[in-house]
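Structure record follows, encoded as structure tokens.
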Amino acid sequence: MPDLSAVFSLAAGGQLDNRVRIVAVIVTAVLLGLVLELVRRRRLIERYALLWMVVALILLVLAIWNQLLAHVSNAVGIEVPANALFIAGLGLAFLLLLHFSVITTRLSEETKILAQEVARLDVEARAARAAAVNGERAPNDERSPGEPWRPSATDAAGLAPPPATGESGGESQPGRSPSTADQ
Amino acid sequence: MVRDHNQLRKLAIVPAYNEQGMVGRVVRDIHRHAPDFDVVVIDDGSLDNTTAEAEAGGAVVIRHPFNVGIGGAMQSGFKHALRNGYDVAAQVDGDGQHKPAHIHDLLAKLHTSGDEADMVCGSRFRGDPGYRVPIGRRIGNLIFSVVLSAITRRRITDPTSGFRITNRRGIELFARDYPHDYPEVEAILMLHAHRLRIHEVPVRMNARGYGRSSIDYPRSAYYMAKVLLALFIGLFRRRPTPIEEPPDTSEGEPVAPGAAISGAGHAPRGS
């Protein structure tokens, strides 16, 4: 990789110190490797991995391609190209942060909806249980007709009544799974 | 190949997002062409009358409280299939692109007890696609096809086709783990990593019946990048699915009686 940056510096007249560029290349390479490893371990989904890879790529291009960096710094009125690189990095980090704030907002909204849904299901389940204990029919018709959420028919499809814990998860795990296929 | 297909419990999973104009027809078409299939529509947080239309068509509807994407929707369907002891699950898109008349063509190639194919995909590119596939779609598809065929060492002509059918093994795998977005291509890689076999049969499809495709140009760039990245990284995963949690004994999970038996009967090949 150092060879590569040397080649580029010949073409560009070397405005950015070669050592800086070597460091930039190494840093981006490490970042890319880290991102890929996180995806491999399923700690990061591909969508965000791509985001980070694009950012790393932009910084890499700016660090290697001196003319572009010189143009950019000229255009914004920055005298030292290295500063333009810093600004670019800072700006991209800022954009990422903003993006993640947007995502956090959406996630908290979805979490709220989930909590409300679970709470509603819990009320219905307890009401149904109480009714069953009293030997009555489940008061299904208590819901107002305008309520948008209908229970899926699986609720009534002969499943055993869920246990009384507040857990809503518990997707059934197969007794034995195909993953045993890969030893 | 007709064999014991009659005794199997079969489910058609129809993912639908804002498909009120089409989903009812899809459900009725499945009932007409494949009356032995139960139909579950996954309403992935639609803002229109998708649920009502699907129920009017006679389907069970699973409603997501908000949109989670096609991958999450299909996984809901597979979980439903697993929970209710289905032996076969087919995916039929809610936009009317897939022709339910082909379901039995797919089923015929699915060996549910033997060891030939665990998933059968309907391919547009093994014959007449039935409509003019846009050139961009064709190219993207070709790239995935080349990459996947090289990895799996089988000829896979239409990896982006969502029209597919799988057996109990596929259901168990996908209920546990299914890709988030644009899942079709990765799902094939997952099957391959678990040594499950894939077959293709030629099908014709409709151009989209109603509404726009969810994939426009910036998204198709993301589609390509995401899937290629996922395929690349998938090669380096030793276990393509997360390690299973220890079996949960605290809950009386109503596992279908057939589940344990069919699971045990499916001793993995080549182990």
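Sequence lines, in order, name chains A and B. All residue numbers for the first sequence refer to this note's numbering, where the first residue is 1 and numbers rise by one. All residue numbers for the second sequence refer to this note's numbering, where the first residue is 184 and numbers rise by one. Virtual Cβ for every residue (Gly too), placed ideally from N, Cα, C. Every value quoted in this text rests on a predicted model; they were computed, and no experiment measured them.
Considering only C-alpha positions, which residue in the set the options is nearest to residue i?
| i | options | result |
| --- | --- | --- |
| Ala93/A | His71/A, Val118/A, Ser73/A and Val55/A | Val55/A |
| Val224/B | Leu191/B, Val329/B and Lys262/B | Lys262/B |
| Phe220/B | Gln274/B, Glu236/B and Ala300/B | Gln274/B |
| Gln67/A | Met53/A, Leu85/A, Val23/A and Trp52/A | Leu85/A |
| Glu110/A | Ala358/B, Gly319/B, Phe249/B and Pro218/B | Phe249/B |
| Phe415/B | Leu194/B, Leu356/B, Met373/B and Gly240/B | Met373/B |
| Leu194/B | Thr335/B, Ile286/B and Ala235/B | Ile286/B |
| Gln280/B | Ala333/B, Met205/B and Arg402/B | Met205/B |
| Val330/B | Val368/B, Val244/B and Ser344/B | Val368/B |
| Val303/B | Pro385/B, Thr233/B and Glu355/B | Pro385/B |
| Asn324/B | Ala408/B, Asp227/B and Pro218/B | Ala408/B |
| Arg337/B | Arg402/B, Gln203/B, His216/B and Ile371/B | Ile371/B |
| His382/B | Ser332/B, Asp276/B and Asp278/B | Ser332/B |
| Ala82/A | Leu98/A, Phe100/A, His99/A and Leu60/A | Leu60/A |
| Leu290/B | Arg192/B, Asp276/B and Asp311/B | Arg192/B |
| Tyr400/B | Arg266/B, Asn201/B, Arg320/B and Ala264/B | Arg320/B |
| Asp276/B | Leu265/B, Gln203/B and Ile322/B | Gln203/B |
| Ile64/A | Leu90/A, Thr28/A and Arg21/A | Arg21/A |
| Asp278/B | Ile322/B, Ile196/B and Leu265/B | Ile196/B |
| Ala404/B | Arg387/B, Ile322/B, His377/B and Gly417/B | Ile322/B |
| Arg387/B | Arg402/B, Arg315/B and Val244/B | Arg315/B |
Quick check: the Cα distance between residue i and residue j, rounded to an integer number of angstroms?
| i | j | result |
| --- | --- | --- |
| Arg47/A | Gly305/B | 28 Å |
| Leu96/A | Phe346/B | 37 Å |
| Ala127/A | Gly353/B | 37 Å |
| Ser229/B | Glu236/B | 12 Å |
| Val102/A | Ser108/A | 10 Å |
| Gly252/B | Glu238/B | 21 Å |
| Arg19/A | Tyr365/B | 42 Å |
| Arg208/B | Arg359/B | 30 Å |
| Ser328/B | Gly135/A | 59 Å |
| Ile58/A | His216/B | 53 Å |
| His214/B | Trp52/A | 46 Å |
| Leu98/A | Arg106/A | 13 Å |
| Pro317/B | Ala413/B | 24 Å |
| Val76/A | Leu62/A | 15 Å |
| Tyr406/B | Ala115/A | 32 Å |
| Leu411/B | Ala29/A | 19 Å |
| Arg42/A | Arg351/B | 25 Å |
| Ala125/A | Val133/A | 12 Å |
| Glu117/A | Ile26/A | 48 Å |
| Ala264/B | Leu356/B | 12 Å |
| Ile326/B | Ser344/B | 14 Å |
| Asp155/A | Ala130/A | Summary for Asp155/A: the model assigns pLDDT 44, below 50, so the residue's position carries little reliability; its value from the coordinates is reported in the next sentence. About 17 Å. |
| Leu36/A | Ile113/A | 33 Å |
| Gly417/B | Asn74/A | 43 Å |
| Gly240/B | Pro218/B | 13 Å |
| Arg266/B | Asp231/B | 28 Å |
| Leu184/A | Arg402/B | With chain A covering only 1 through 183, there is no way to say anything about residue 184/A. |
| Leu34/A | Gln258/B | 29 Å |
Under the criterion of a Cβ to heavy atom distance below 7 Å, does residue i qualify as lining the ligand SAM?
| i | result |
| --- | --- |
| Ile371/B | By its list of ligands, the structure shown contains no ligand whatsoever, and the ligand SAM lies outside what it can speak to. |
When you compare the CB positions of residue i and residue j, do they come within less than 8 Å of one another, or not?
| i | j | result |
| --- | --- | --- |
| Ala157/B | Leu293/B | One cannot answer for residue 157/B here, as it falls past the ends of chain B, which runs 184 to 454. |
| Pro198/B | Ala256/B | yes |
| Leu44/A | Leu38/A | yes |
| Leu69/A | Leu31/A | no |
| Val271/B | Ala242/B | no |
| Thr335/B | His375/B | yes |
| Pro362/B | Gly268/B | no |
| Asn389/B | Gly313/B | yes |
| Arg211/B | Asp226/B | no |
| Thr233/B | Asn201/B | yes |
| Arg40/A | Phe308/B | no |
In or out: residue i buried (at least 16 other Cβ within 10 Å) or exposed?
| i | result |
| --- | --- |
| Gln190/B | exposed |
| Glu79/A | exposed |
| Val23/A | exposed |
| Gly260/B | buried |
| Ala88/A | buried |
| Thr349/B | buried |
| Lys282/B | buried |
| His71/A | exposed |
| Val123/A | exposed |
| Leu379/B | buried |
Name, in chain order, the residues that DSSP records as bridge partners for residue i.
| i | result |
| --- | --- |
| Glu383/B | Cys304/B |
| Asp226/B | Ala199/B and Arg246/B |
| Ile348/B | Ala273/B and Val303/B |
| Lys193/B | Phe220/B and Val271/B |
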